[in-house]
Amino acid sequence: MTPALINHIVDTTAMVLGISREAICSSSRKRANVIARNIITDVAYNDFLFKYHEIGAVLKRNHSTLIKNKTSYEQDIIATPEIKYIRRQVLHNTQDFLLNLYGGYNSK
7 MTPALINHIV DTTAMVLGIS REAICSSSRK RANVIARNII TDVAYNDFLF
57 KYHEIGAVLK RNHSTLIKNK TSYEQDIIAT PEIKYIRRQV LHNTQDFLLN
107 LYGGYNSK
């Protein structure tokens, strides 16, 4: 996996949430930016097996900050079920990106 994939996850999350990539990677603590960073971290770490320090390099965050935010993200999902839907959109878009990048499934 490459940082290009993490960048795609960031761009997709920005598009789905209607916020800029710059806002996501900024030091802003606005709720939408925090949720975006948490979705990116969750998808990149759990679905594509990136390490926290690799994700942190793209998001301009320390890996320990990303680990700490995992708890607040889990609480956010319980309080706001729409986050699961947004996460699913990001994941499916990223999977489609990879399928198109590598030419889809081989039908032979």
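Be aware that the sequence shown starts at 7, since it is given in the working numbering, and climbs by one per residue. We put the beta carbon where it would ideally sit given N, CA and C, even for glycine.
For residue j and residue i, the rounded distance between their alpha carbons
i: Y79; j: N68; result: 17 Å
i: N52; j: R93; result: 12 Å
i: I84; j: T77; result: 11 Å
i: T28; j: I46; result: The residue asked about is misnamed: residue 28 is Glu in this sequence, not Thr. Spanning the two alpha carbons is a distance of roughly 14 Å.
i: K90; j: T100; result: 15 Å
i: D48; j: I25; result: 18 Å
i: V22; j: V96; result: 7 Å
Simplified DSSP state of residue i, which is helix, strand or coil
i: L55; result: coil
i: S26; result: coil
i: L87; result: Looking at the sequence shown, residue 87 is not Leu but Pro. Here P87 sits in coil by DSSP.
i: Y108; result: coil
Exposure of residue i, with buried meaning 16 or more beta-carbon neighbours within 10 Å
i: A50; result: buried
i: T86; result: exposed
i: D102; result: exposed
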